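Everything on this sheet refers to the single structure shown next.
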Amino acid sequence: MGDPEGWAAVTPEVLTLTCLLLAAQPRGRILRGQEAPSHSRPYMASVQVNGKHVCGGFLIAEQWVMSAAHCLEDVADGKVQVLLGAHSLSQPEPSKRLYDVLRVVPHPGSRTETIDHDLLLLQLSEKAVLGPAVQLLPWQREDRDVAAGTLCDVAGWGVVSHTGRKPDRLQHLLLPVLDRATCNLRTYHDGTITERMMCAESNRRDTCKGDSGGPLVCGSVAEGVVTSGSRICGNHKKPGIYTRLASYVSWIDGVMAEGAAA
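Laid out in structure tokens, this is it:
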């Protein structure tokens, strides 16, 4: 998420993760990922409710953060905020700033019972202050599939072990894209992956609670958003699913234009 993110130089060793297969995994986490270099992904956001991290997100415009719709579906009257400029969630950092959220805009087609249209736009109460540790992430506007085997970067503050231990500092890993036809095989997701979704391999390494809403970054561009659909993480037969941003250009542009005019 030149290469301001610095992830392209990461070695394949980051792929050596151990992801235990559990019968009932929670949503969206990176299991035993490698700590990202400090502030190497300055677009990353921590979406928080009542001061606690619930999901990832990323800055796509000075006043807008992208995340996943399911992240806030169980939130009633909680106070939603966005933390930018963070590497550690708890330690003081000069670049860290917590922003109030003016508008919460889930995609109108999102539903609790499916992962379709799992996108969420958050309008900050003011424009983010940009700097070395807070930057916009370009997102894909050309509607075409990423080639199978392409290594893409995911990052987040989701729990890092089957015991539920949560990291304080940002974690990341690289995952190869899996073609949609393979992902839709009966032994995998059995035809449920639409053209508005993409998959990445999940053999012992995976996004799986707390990472939902983060970006799948391929070649320094956000191609997808980590969905928050419940599934078994790290199971090679259940590849990770991501919502393709290029399929939602008109909706994203429309929401942001409406917000700017308000």
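Residues 1 to 262 in UniProt numbering are what the sequence shown lists, from first letter to last.
No residue lacks a Cβ here, since even glycine has one placed at the ideal position from N, Cα and C.
Owing to the predicted nature of the structure, the values given are computational and were not obtained by experimental measurement.
- Every beta strand (DSSP E) stretch that sits fully inside the region 135 to 171 and reaches 3 residues is listed by chain position as 151 to 156.
- By alpha-carbon distance to Thr243, the top candidate from Ser220, Ser202, Asp116 is Asp116.
- The criterion of a C-beta distance shorter than 9 Å is not satisfied by Ile252 and Met44.
- Within the model, the alpha-carbon separation for Leu137 versus Ser46 is close to 15 Å.
- For Ser250, the secondary structure class from DSSP, reduced to helix, strand or coil, is helix.
- In this structure the region 81 to 89 does not touch the region 106 to 120; the number of beta carbon pairs closer than 8 Å is below three.
- Assigned with DSSP and collapsed to three states, His53 falls in strand.
- Counted as a single uninterrupted DSSP element, the beta strand (DSSP E) harbouring Thr243 occupies residues 240 to 244.
- When DSSP states are grouped into helix, strand and coil, Ala61 belongs to the strand group.
- If you compare the alpha carbons of Leu102, Pro92, Leu120 with that of Leu72, the shortest gap goes to Leu120.
- By the Cβ-count criterion, Lys238 is buried, with 16 or more other Cβ atoms from all chains shown falling within 10 Å of its own Cβ.
- In the DSSP assignment, the residues bridged to Asp100 are Gln81.
- Here DSSP, grouped into helix, strand and coil, assigns Gly259 to helix.
- Note on geometry: alpha-carbon atoms of Cys199 and Cys183 lie some 7 Å from one another.
- Judged by beta-carbon spacing, Gln123 lies beyond the 9 Å limit of Gln171, meaning their Cβ atoms are not closer than that value.
- Assigned with DSSP and collapsed to three states, Ala45 falls in strand.
- DSSP, read as helix, strand or coil, puts Leu175 in strand.
- In the displayed model, Ala76 falls within coil according to three-state DSSP, outside both helix and strand.
- In this structure, DSSP gives Ala200 an extended state, which the three-state scheme calls strand.
- For Ala222, the enclosing beta strand (DSSP E) stretches over residues 221 to 226.
- Val134 and Pro37 do not touch by the CB rule: their CB atoms are close to 16 Å apart, not below 8 Å.
- Rounded to whole angstroms, the gap between the alpha carbons of Lys96 and Pro132 is 11 Å.
- Judged by DSSP secondary structure, Cys183 falls outside any beta strand (DSSP E) and instead within the alpha helix (DSSP H) spanning 180 to 183.
- Asp145 is the residue among Asp145, Thr192, Trp157 whose C-alpha sits nearest the C-alpha of Gly224.
- C-alpha of Gly51 to C-alpha of Asp100: approximately 11 Å in a straight line.
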